[in-house]
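S.K.: Take this structure, written in structure tokens, and hold onto it; I'll ask about it next.
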Amino acid sequence: MIKRTAAQIKADLLKRDQEIREQMRLLALEQEASELELLILERFERNYETLALESGRRISPDVKEAALKQVLMYWRKLPEVATTVTQTEVRLSLPNQRTSTGTVFTIEGVVDIIRDNDRTVMYDIKTHDIDSVVSNIELYQQQLNVYAHIWQTLRQQELHETCIIATAFPKAVRDAVTTGDDAKIDAALASWNPALTIPFDQQTLEQTIIQFTQTVEAIEGGQFAPPPVSRLQERVPGSRTLYATRICINCDSRFSCNAYRAYAEGDQTTAADEFGFYNDYGTAIDQSEWLSTNLSIAPPADIDDLI
Amino acid sequence: MPELTLEDLWAESGFTPNPEQEQAIRHIDGPLYLTAGPGSGKTRVLLWRTLNLIVFHGVKPEHIFLSTFTEKAAHQLREGLKNYLGQVTNHTGQPYDLANMYVGTLHSLSQKIIQDRNLNPNFRNGRPLRVMDELETYFFVSRRRNWQQLIEAAELTDLEPEVQNHTINTFFDANRPSRSRHNAVQNVLGFFGRLSEEMIDPQVVMDQAPSAEVQMLLRMYARYRGLLAEQAGFDYTDFSLLQQKAYDVVVSNAASQQYFRHIIIDEYQDTNLIQERLVFKLAAGSQNLCVVGDDDQALYRFRGATVENFVEFPARCQHYLQRQPVKIPLSTNYRSRNRVVQFYTDYITRHSWQKEGRPGEFYRVHDKNIQPYSQDTEPSVITTPAGHPDDVSAQIAALVRELLDAGKVDDPNQIAFLFPALRNSPQVNRMRNALEAVGLQVYAPRAGRFLDTDEPTLIFGAFLHVFGKPQQGPFTSQDYTEYFAWLDRSAASVTALFRQEPQLKRYLDAKRQEVAQVVADYRALLATCEANGWDVTAEYAPDQMKEALYRTRGLSLKAQKAINSVALTNQVRRRLQRNDGDKEPFKLGDIINRSTALDWTILDLFYRLGGFPTYKRMYDLAESGQDEGPICNLGLISQYLSRFMEMYAIVISASFLNDDRFQRLLFMSFLYSIYRRSESEFENAEDPFPKGRIPFLTIHQAKGLEFPVVVVPNLRKDARPAGPVEETIRALVPSDGEPLDRMARFDVARMFYVALSRAKSLMILGRYQATGNYINAEFRPMLAQLPTTATYDVNAFQPNPHREEKPPKAYSYTADYLLYERCPRQYMVFRRYGLVPSRSQTQFFGSLVHYTIEDLHHHLIQKRAQATLAV
Chain A
6 MIKRTAAQIK ADLLKRDQEI REQMRLLALE QEASELELLI LERFERNYET LALESGRRIS
66 PDVKEAALKQ VLMYWRKLPE VATTVTQTEV RLSLPNQRTS TGTVFTIEGV VDIIRDNDRT
126 VMYDIKTHDI DSVVSNIELY QQQLNVYAHI WQTLRQQELH ETCIIATAFP KAVRDAVTTG
186 DDAKIDAALA SWNPALTIPF DQQTLEQTII QFTQTVEAIE GGQFAPPPVS RLQERVPGSR
246 TLYATRICIN CDSRFSCNAY RAYAEGDQTT AADEFGFYND YGTAIDQSEW LSTNLSIAPP
306 ADIDDLI
Chain B
35 MPELTLEDLW AESGFTPNPE QEQAIRHIDG PLYLTAGPGS GKTRVLLWRT LNLIVFHGVK
95 PEHIFLSTFT EKAAHQLREG LKNYLGQVTN HTGQPYDLAN MYVGTLHSLS QKIIQDRNLN
155 PNFRNGRPLR VMDELETYFF VSRRRNWQQL IEAAELTDLE PEVQNHTINT FFDANRPSRS
215 RHNAVQNVLG FFGRLSEEMI DPQVVMDQAP SAEVQMLLRM YARYRGLLAE QAGFDYTDFS
275 LLQQKAYDVV VSNAASQQYF RHIIIDEYQD TNLIQERLVF KLAAGSQNLC VVGDDDQALY
335 RFRGATVENF VEFPARCQHY LQRQPVKIPL STNYRSRNRV VQFYTDYITR HSWQKEGRPG
395 EFYRVHDKNI QPYSQDTEPS VITTPAGHPD DVSAQIAALV RELLDAGKVD DPNQIAFLFP
455 ALRNSPQVNR MRNALEAVGL QVYAPRAGRF LDTDEPTLIF GAFLHVFGKP QQGPFTSQDY
515 TEYFAWLDRS AASVTALFRQ EPQLKRYLDA KRQEVAQVVA DYRALLATCE ANGWDVTAEY
575 APDQMKEALY RTRGLSLKAQ KAINSVALTN QVRRRLQRND GDKEPFKLGD IINRSTALDW
635 TILDLFYRLG GFPTYKRMYD LAESGQDEGP ICNLGLISQY LSRFMEMYAI VISASFLNDD
695 RFQRLLFMSF LYSIYRRSES EFENAEDPFP KGRIPFLTIH QAKGLEFPVV VVPNLRKDAR
755 PAGPVEETIR ALVPSDGEPL DRMARFDVAR MFYVALSRAK SLMILGRYQA TGNYINAEFR
815 PMLAQLPTTA TYDVNAFQPN PHREEKPPKA YSYTADYLLY ERCPRQYMVF RRYGLVPSRS
875 QTQFFGSLVH YTIEDLHHHL IQKRAQATLA V
């Protein structure tokens, strides 16, 4: 046993030392990561309180939980993005656009920029899931094309890549979560890539700006008719839900909307009850969560003091 | 690439400054005094001056303090700056971030100062700041408990409440003192505001108080400040005291007096004492204080503004900064045609502004030399023939109709009618009737109570059907009787719809039934608890309690389902096992509340009413572009409803409904206060006035606005002597300001000056001449020389060719373009008209995620910057 050579001992010690160093490095990383998660938690709560104060509303605990998960997963999945962002909330503007009636306007957008030694990447963070981004790729391509144009042509800065980060869980992850099987969840999470490179192509730029200008003209011209009922019956690209059940159901002004009313008339589920159309407050679970959140704020006890 | 210059940028945006404008833009060192006449391009000068500082003199945006009179003006300046800076970035690649720049009203910037760690290092150590706006301050003081404290301070507790109020109100209105608490609250709040703005410490001036009544009010004020300080949780403040707080911060942190390199104050003629002290303190280090304004347009004495701040600015500069400002007059009027400019210039100089016994000194910046840019000699100011107001109104209405029929203006909203006051004015009603007689509709945001207009009447009428009408007490005050008449009218306006819209009746009946049912269930469940000897504040033990609750006699199916629901059962279990975060297990009362709460909020009900024809029409009119008035009013109603929910509760539980508590809070406290305070109609921040209607505005509302055609039908305004509040303030803090006996005449002159300087192309003046109806003396010789409407040919109407290019509007790719693409109607309702969504989880969710990710990025960027610095 004692026959080990000095060289062996030295090598062993060195190895041990290296192992310890490596472990310390990992520990430090872990600590830093958990410190950052603590920071995320703290900022998240603060932002939640600020938004609640500003809007006078709260969101139900499950929705709040989902929001926190999105931020945490963004950080866990894409730390290399988060830690290398060089400019956040970069405001891009394309001034001097003109409508056919001569109104001058500016197109604005906000992105994050990562500049490494020789590469510049532009990121746009979306709270949708990646599947819906893929299905609506044109829309995102148009958007990033405009941003890229401002960056490259107007600002004369280099740009190597444009990228969408979609922070909502994709369907595969959501499905895995419903099985409750940790291994499946881990696998789904591992194969999920929230970042998607969007090829940029100046060809479509002009077309996008024309469309944008038409939209501004429509807004200024007061054109506010809802989409036709046929569109409400279509599926939202990249999802199995209909436009009406995705967009309209979250819109409080649907009750006065001709398109939605026409859609609902064709929908037999509410026919049994005269006011089924109006008595729609989301699913029973939604409603239960909503009650839990908002009942915690008790009405004033002494009404006479306030009259 | 050649160096970018200001001239390049001007050329690019089509701006050619005149020599004074250019001098003002390029002035960067020391105090600056800009006297800006009407339509002289002041906003552009401010924009370019700020841009010049940032781009060509390396001043960081966060070191510029730029205040405006309204948040809307601040928003426009910020948008304009963003746009021009965006242009610069496109040339130079140098980005600019305005996120931390101080742009806003002096109120909002005061708040920012208090919460800014750079200026107030101690901010985080204290209680968080809670600023109450006027309505909240009103509710705060009117709470019985708080009001009682003020009455104690006033030493009036021995009197009957009505006599207490009467005693207080006598000071403010000795001729017709009211007996109402509401008036007493309004009166003392107005007085408190003035005391705060004049930085009066009640203890210090107590001995100088001219009367026992003033001493009483000073004691009440002291108590009020004590009450604010005693509130738990937050550091409460009202709007006026907010500025004092900011001033104290700046005084106590020497570094904060060095922080801003440039301080720019717009509409300086409307600032008050505390604001003057604050801005000079902020400028103590840099001395770069630029004030912009026009004393002739000073309108806000009743809010404590002292026009002397502006008129005497050079002397004040000498006093505070020990140097004289550079004075640059912006005197070319681009807005109005020649004759309009001549008319109002003539008008203001017909008054005497001389200081008594001090020759050569004036209560006005008297050497302005306003010049019109337009040199045309065509008539652009006309009057009606002298006559009875009925005839004058008819003449004006006929001419307006002609102008519209001839297509001389695009829309009725281009023709503004300006009045000294809109409330209870027979002249206003006359004019409205005359216009309606020729088929024109009027939009008069301040003519009456907002609640008296159609939309609130119909919405709250429906609410009365659902929640029931409060019982009328034995009170006989005018407000009370009128309010109950309004409640009756509102309920009746909805009943009147029932024949045509039976479905609406059935719907409201069903909702009313739901309300009655949850209350009945609630009482039944309480009875079960009592029978079993359970305390509702005890922890809910499902094993023992659930069955009994479920089997409660007469309980509705809905409540049974709620008690038995899987979702609730699971949640109860999770909380009992402490698996639901740190949330406490449910109390028995929580379970009862949950099982007997309504499914909907008042905002949910508000939006559902939109499905019934009469209400739906309000949305349809906006969608088709025919009339924006109704939806603007819906927007304001939704804001009030949201406010009620914020102040009290979101969910309407049966315990809240029980004993009419909810009903009384909504109708007898919240809405009654809004009714009595005569809150006014919605004013859109972007497009000032709805299309399709002729705006009737007070002259105060018209400040800063311009219209192709302006009508001033009533040129009479009597100068009233200074009131008890002004007299008291003078007695407490003597000043050499405008003499009390001349103040009112000065104010009338300034008010009409504002009215007369709004027209771009045509101004039409009414010439009343009948028993009891006349016009102010200065106008008589002036009107005698004008062409009349009888001879005016509308075909001679010429629009003023000069068009002040507004800073372009910014459209966001996501918040505008994509939102509109998703649904134009949703865009209209929520983004354009600002209706408050009822359950806006999507928006809240998106903002929450984005803000937090931004915070994370910020943190990481900063951390890396520090690491690099350390290396």
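Those sequence lines, one after another, are chains A and B. Quick note: the first sequence uses this note's numbering, first residue 6, plus one each step. Quick note: the second sequence uses this note's numbering, first residue 35, plus one each step. For every residue, glycine included, the Cβ atom is placed at its ideal position computed from N, Cα and C.
1) Quick one: using the 10 Å Cβ neighbour count with 16 as the cut-off for buried, is ASN209 of chain B buried or exposed?
2) With a threshold of 16 other CB atoms inside 10 Å of the CB of LYS20 of chain A, please say whether the residue is buried or exposed.
3) The beta strand (DSSP E) with ILE671 of chain B in it runs from where to where?
4) Any Cβ of chain B within less than 8 Å of the Cβ of GLY114 of chain A?
5) DSSP beta-bridge partners for LYS131 of chain A?
6) Is the segment 71-88 of chain A touching the segment 98-115 of chain B in the sense that three or more CB pairs, one from each, lie closer than 8 Å?
7) Is GLU720 of chain B buried or exposed, if buried means 16 or more other CB atoms sit within 10 Å of its CB?
8) May I ask you to report which of helix, strand or coil DSSP gives THR366 of chain B?
9) If we cut at 8 Å on Cβ distances, does THR172 of chain A have a partner in chain B?
10) Roughly how many whole angstroms lie between the Cα atoms of ASN718 of chain B and GLY726 of chain B?
11) Buried or exposed: VAL781 of chain B, going by 16 or more other Cβ atoms within 10 Å of its Cβ?
12) Identify whether GLU720 of chain B lies in helix, strand or coil by the three-state DSSP scheme.
13) Does DSSP put MET816 of chain B in a helix, a strand or coil?
14) Pull up the DSSP beta-bridge partners for PRO729 of chain B, would you.
15) At what residues does the alpha helix (DSSP H) containing CYS563 of chain B begin and finish?
16) I want to verify the contact list: residues of chain A whose CB lies under 7 Å from the CB of PHE878 of chain B, in sequence order.
17) Classify HIS891 of chain B as buried or exposed, calling it buried when 16 or more other Cβ atoms lie within 10 Å of its own Cβ.
18) Determine which residues share a DSSP beta bridge with MET702 of chain B and list them.
19) Residues of the segment 81-101 of chain A in Cβ contact with chain B at a cutoff of 9 Å, in chain order, please.
20) With ASP272 of chain B as the anchor, note down where its beta strand (DSSP E) starts and where it stops.
21) Beta-carbon within less than 8 Å of ASP380 of chain B's beta-carbon, same chain only, minus the 5 sequence neighbours each way: which residues are those?
22) Give the interface partners of GLN292 of chain A over in chain B, defined as CB-CB distance under 7 Å, in chain order.
23) Taking just the CA atoms, how far does PRO305 of chain A sit from GLY645 of chain B?
24) Among B:ILE98, B:PRO95 and B:MET681, whose alpha-carbon lies nearest the alpha-carbon of MET166 of chain B?
25) Taking Cβ positions only, does GLN860 of chain B come closer than 8 Å to chain A?
26) Is it the case that the Cβ atoms of GLY669 of chain B and GLY495 of chain B are separated by a distance below 8 Å?
27) Cβ of CYS30 of chain B less than 8 Å from any chain A Cβ?
28) Please classify ALA804 of chain B as buried or exposed, where buried requires at least 16 neighbouring CB atoms within 10 angstroms.
29) Who are GLY114 of chain A's beta bridge partners in DSSP?
30) Run through DSSP, which three-state label would LYS74 of chain A get?
31) Taking 8 Å as the CB-CB cut-off, is ARG384 of chain B touching chain A?
32) Mind checking GLY800 of chain B: buried by the 16 CB within 10 Å criterion, or exposed?
33) Considering only DSSP beta bridges, list what ARG103 of chain A is partnered with.
34) Tell me, please, whether the CB atom of LYS621 of chain B is closer than 8 Å to any CB atom in chain D?
35) Could you tell me how far apart the beta carbons of ASP633 of chain B and TYR286 of chain A are, in whole angstroms, since I believe they sit closer than 8 Å?
36) Check whether the Cβ atoms of PRO747 of chain B and ILE416 of chain B lie closer than 8 Å to each other.
M.R.: According to the data block:
1) The count along the second sequence starts at 1 and reaches residue 209 of chain B at position 175. ASN209 of chain B is classed as exposed because its beta carbon has fewer than 16 other beta carbons within 10 Å across all chains shown.
2) As a first step, residue 20 of chain A must be located in the first sequence, where it is residue number 15. The residue in question, LYS20 of chain A, is exposed, as its Cβ has fewer than 16 Cβ neighbours within 10 Å.
3) Along the second sequence, one-based indexing puts residue 671 of chain B at 637. From DSSP, ILE671 of chain B is part of no beta strand (DSSP E) but of the alpha helix (DSSP H) over 663-681.
4) Taking the first residue of the first sequence as 1, we reach residue 114 of chain A at position 109. By this cut-off, GLY114 of chain A is an interface position.
5) The residue given as residue 131 of chain A occupies position 126 in the first sequence. DSSP lists A:ALA171 as partners of LYS131 of chain A.
6) no
7) Counting from 1 along the second sequence, the entry for residue 720 of chain B is found at position 686. Residue placement at GLU720 of chain B is poorly supported in this model, since its pLDDT is 45, which falls under 50; the coordinates are not used for a value here.
8) Mapped onto the second sequence, residue 366 of chain B falls at position 332. THR366 of chain B: strand per DSSP, three-state reduction.
9) Position 167 of the first sequence, counting from 1, holds the residue named residue 172 of chain A. Yes - at least one Cβ of chain B is within 8 Å of the one on THR172 of chain A.
10) Position 684 of the second sequence holds residue 718 of chain B. Position 692 of the second sequence holds residue 726 of chain B. Note that ASN718 of chain B has pLDDT 45, beneath the 50 cutoff, so the model's placement of it is unreliable and no number is given.
11) Position 747 of the second sequence, counted from the first residue, corresponds to residue 781 of chain B. Before going on, a small fix: residue 781 of chain B reads as Asp here, not Val. By the 10 Å Cβ count, ASP781 of chain B comes out buried.
12) Counted from its first residue, the second sequence places residue 720 of chain B at position 686. Any reading at GLU720 of chain B must be qualified, since the residue scores a pLDDT of 45, below 50, and its modelled position is unreliable; no value is offered.
13) The sequence position of residue 816 of chain B within the second sequence is 782, counting from 1. Of the three classes helix, strand and coil, the one that applies to MET816 of chain B here is helix, per DSSP.
14) Against the second sequence, residue 729 of chain B aligns to sequence position 695. B:TYR477, per the DSSP bridge assignment.
15) Mapped onto the second sequence, residue 563 of chain B falls at position 529. 536-566 is the extent of the alpha helix (DSSP H) around CYS563 of chain B.
16) Here residue 878 of chain B is taken as the residue at index 844 of the second sequence, counted from 1. In chain order: LEU56, SER60, ARG62 and ILE64.
17) Residue mapping note: residue 891 of chain B aligns to position 857 of the second sequence, counting from 1. Flag for HIS891 of chain B reads buried.
18) Within the second sequence, numbered from 1, the residue matching residue 702 of chain B stands at position 668. Answer is none; MET702 of chain B lacks a bridge partner.
19) ALA87, THR88, THR89, VAL90, THR91, GLN92, THR93, GLU94, VAL95, ARG96, LEU97, SER98, LEU99, PRO100 and ASN101
20) Working through the second sequence from its first residue, we reach residue 272 of chain B at position 238. First-last of the beta strand (DSSP E) with ASP272 of chain B: 269-272.
21) Here residue 380 of chain B corresponds to residue number 346 of the second sequence, with the count starting at 1. Excluding residues within five positions, the ones whose Cβ falls inside 8 Å are MET816.
22) What you label residue 292 of chain A is simply residue 287 of the first sequence in a count that begins at 1. Under the 7 Å cutoff, chain B gives ASP633.
23) Against the second sequence, residue 645 of chain B aligns to sequence position 611. Against the first sequence, residue 305 of chain A aligns to sequence position 300. Distance between the alpha carbons of GLY645 of chain B and PRO305 of chain A is about 32 Å.
24) Locating residue 166 of chain B in the second sequence gives position 132, where the first residue counts as 1. That would be B:MET681, whose Cα lies nearest to the Cα of MET166 of chain B.
25) On the second sequence, position 826 is the one that residue 860 of chain B refers to. Closer than 8 Å: yes.
26) Along the second sequence, one-based indexing puts residue 669 of chain B at 635. Along the second sequence, one-based indexing puts residue 495 of chain B at 461. No, the Cβ-Cβ distance between GLY669 of chain B and GLY495 of chain B is not below 8 Å.
27) An answer regarding residue 30 of chain B cannot be provided, because it is not within the stretch 35 to 905 covered by chain B.
28) Within the second sequence, the letter at position 770 stands for residue 804 of chain B. Result: exposed.
29) Taking the first sequence and counting its residues from 1, the one referred to as residue 114 of chain A is at position 109. BP columns for GLY114 of chain A point to A:LEU97.
30) Locating residue 74 of chain A in the first sequence gives position 69, counting from the first residue. In this structure, LYS74 of chain A counts as helix in the three-state DSSP scheme.
31) For this step, residue 384 of chain B is matched to residue 350 along the second sequence. No, because no Cβ of chain A sits closer than 8 Å to the Cβ of ARG384 of chain B.
32) As a first step, residue 800 of chain B is located in the second sequence; it is residue number 766 there, counting from the start. GLY800 of chain B is buried by the Cβ-count criterion.
33) Counted from its first residue, the first sequence places residue 103 of chain A at position 98. Paired residues: A:VAL109.
34) The structure shown contains no chain D; its protein chains are A and B.
35) In the second sequence, the residue the question calls residue 633 of chain B occupies position 599. In the first sequence, the residue the question calls residue 286 of chain A occupies position 281. Indeed, because the Cβ distance is near 5 Å, the residues count as touching under 8 Å.
36) The residue labelled residue 747 of chain B in the question sits at position 713 within the second sequence. The residue labelled residue 416 of chain B in the question sits at position 382 within the second sequence. No, Cβ-Cβ distance for PRO747 of chain B and ILE416 of chain B is not below 8 Å.
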